[in-house]
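All residue numbers in the sequence shown are consecutive under my numbering, ending with 257.
Every residue gets a Cβ at the ideal spot worked out from N, C-alpha and C, and that includes glycine.
The model shown is predicted, which means the values in this text are computed figures rather than measured ones.
One structure is given below, encoded as structure tokens.
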Amino acid sequence: MNIRDENVLRELNLYPLWVRRDLPAPEEVAPVVAQAEARVAESIPVEPAAPVTISRSEHVAVATDWAGLKQQVRDCTACKLRAGCTQTVFGVGDENADWLFVGEGPGADEDAQGEPFVGQAGKLLDNMLAAIKLKRGDNVYIANIVKCRPPGNRTPEADEIATCLPYLRQQIALIKPKLIVALGKTAATSLLGREATLGSLRGTIHDFEGTPLLVTYHPAYLLRSPAEKAKAWQDLCEAVRLMSARD
Ligand code: URA
Numbered sequence: 011m012n013i014r015d016e017n018v019l020r021e022l023n024l025y026p027l028w029v030r031r032d033l034p035a036p037e038e039v040a041p042v043v044a045q046a047e048a049r050v051a052e053s054i055p056v057e058p059a060a061p062v063t064i065s066r067s068e069h070v071a072v073a074t075d076w077a078g079l080k081q082q083v084r085d086c087t088a089c090k091l092r093a094g095c096t097q098t099v100f101g102v103g104d105e106n107a108d109w110l111f112v113g114e115g116p117g118a119d120e121d122a123q124g125e126p127f128v129g130q131a132g133k134l135l136d137n138m139l140a141a142i143k144l145k146r147g148d149n150v151y152i153a154n155i156v157k158c159r160p161p162g163n164r165t166p167e168a169d170e171i172a173t174c175l176p177y178l179r180q181q182i183a184l185i186k187p188k189l190i191v192a193l194g195k196t197a198a199t200s201l202l203g204r205e206a207t208l209g210s211l212r213g214t215i216h217d218f219e220g221t222p223l224l225v226t227y228h229p230a231y232l233l234r235s236p237a238e239k240a241k242a243w244q245d246l247c248e249a250v251r252l253m254s255a256r257d
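See below:
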């Protein structure tokens, strides 16, 4: 194992290596992945698709191509968030990615730089990606539920989410990811269109309009509660297995 891998695992509280009997060590992900199809079928409950209930925004006509959509988001003043932020934060990465990670909304660093997850939580997200051999921009796209920073980093309100969601929905339609990973409760409940606890949403394959969706902890929460990183690691392993089964 090289120093970089060691550092990634240290960040996730997984180094020195410990192995729960039912969980693969990080370097064992590849062989585990080889058995993925059977295990996915056996171990992860699949939730039947539920209709999305957030619908206030359905009337908004959204551009259907990348250039038009980016312009539309840049120009958007449809909710009160735009007046309080520096710039919109559209999303970043491979526009044909298999993996889509969705957070809540830009924080101060993202608002300043115009890119999702570039602050402390972003560094942890990059390390989480590295732990499963992924890299920002390389078969990975990162976006948020809302494109404008909520004041004081508060949770986006229901009307702000409903107004912004068509943009993300269109990003998803254009990317056509094989898997969506919702980071935290706001991302998960906004995409699923129903209220639930994060704990109740983890460990199940959900459906977002035909695309499988898994739920894990938000990196900012993991920074505050590092003991939960092991559970996030478990979620990432399930994501790798599921992706492998979709190949
Ligand atoms: N938190 C998020 O949910 N998204 C970001 O882009 C940064 C922090």
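Inter-residue CB distance, residue i and residue j (contact presumed, cutoff 8 Å)
i: residue 158; j: residue 95; result: 4 Å
i: residue 264; j: residue 99; result: Any question about residue 264 goes unanswered here, given that the chain covers just 11 to 257.
i: residue 117; j: residue 152; result: The pair is not a contact, with the Cβ atoms about 13 Å apart (cut-off 8 Å).
i: residue 161; j: residue 115; result: Contact flag wrong, Cβ pair sits at about 11 Å.
i: residue 110; j: residue 190; result: 5 Å
i: residue 224; j: residue 249; result: 5 Å
i: residue 177; j: residue 72; result: 6 Å
Residue burial classification, residue i (beta-carbon count within 10 angstroms, cutoff 16)
i: residue 136; result: buried
i: residue 199; result: buried
i: residue 121; result: buried
i: residue 112; result: buried
i: residue 74; result: exposed
i: residue 56; result: exposed
i: residue 21; result: buried
i: residue 145; result: exposed
i: residue 154; result: buried
i: residue 209; result: exposed
Limits of the beta strand (DSSP E) - the one that residue i falls within
i: residue 194; result: That residue, residue 194, is in no beta strand (DSSP E); it is neither H nor E in DSSP.
i: residue 144; result: From DSSP, residue 144 is part of no beta strand (DSSP E); its letter is neither H nor E.
i: residue 113; result: 109-113
i: residue 128; result: That residue, residue 128, is in no beta strand (DSSP E); it is neither H nor E in DSSP.
i: residue 221; result: 221-226
Endpoints, the alpha helix (DSSP H) within which residue i is located
i: residue 151; result: Note, residue 151: premise wrong, no alpha helix (DSSP H); beta strand (DSSP E) at 150-154.
i: residue 78; result: 76-85
i: residue 173; result: 168-185
i: residue 229; result: 229-234
i: residue 250; result: 239-256
i: residue 104; result: Looking at the DSSP string, residue 104 is not in any alpha helix (DSSP H), and its letter there is neither H nor E.
i: residue 118; result: 118-123
Bridge partners - residue i, DSSP secondary structure assignment
i: residue 98; result: According to DSSP, residue 98 bridges with nothing at all.
i: residue 215; result: 56
i: residue 189; result: 109
Beta carbon proximity, residue i to chain B, threshold 8 Å
i: residue 188; result: Of the protein chains in the structure, only one exists, and it is not chain B.
beta-carbon residue i near the ligand PLP non-hydrogen atom, thresh 7 Å
i: residue 120; result: This structure simply doesn't include the ligand PLP; it includes the ligand URA instead.
*Determine, using beta-carbon pairs with one atom in the segment 71-84 and one in the segment 185-196, whether at least three such pairs fall under 8 Å.*
Counting C-beta pairs closer than 8 Å gives fewer than three between the segment 71-84 and the segment 185-196, which falls short of the contact rule.
*State whether the segment 136-145 contacts the segment 174-189, with contact taken as three or more CB pairs (one from each stretch) at a distance under 8 Å.*
No, because fewer than three Cβ pairs between the segment 136-145 and the segment 174-189 fall closer than 8 Å, the two stretches do not touch.
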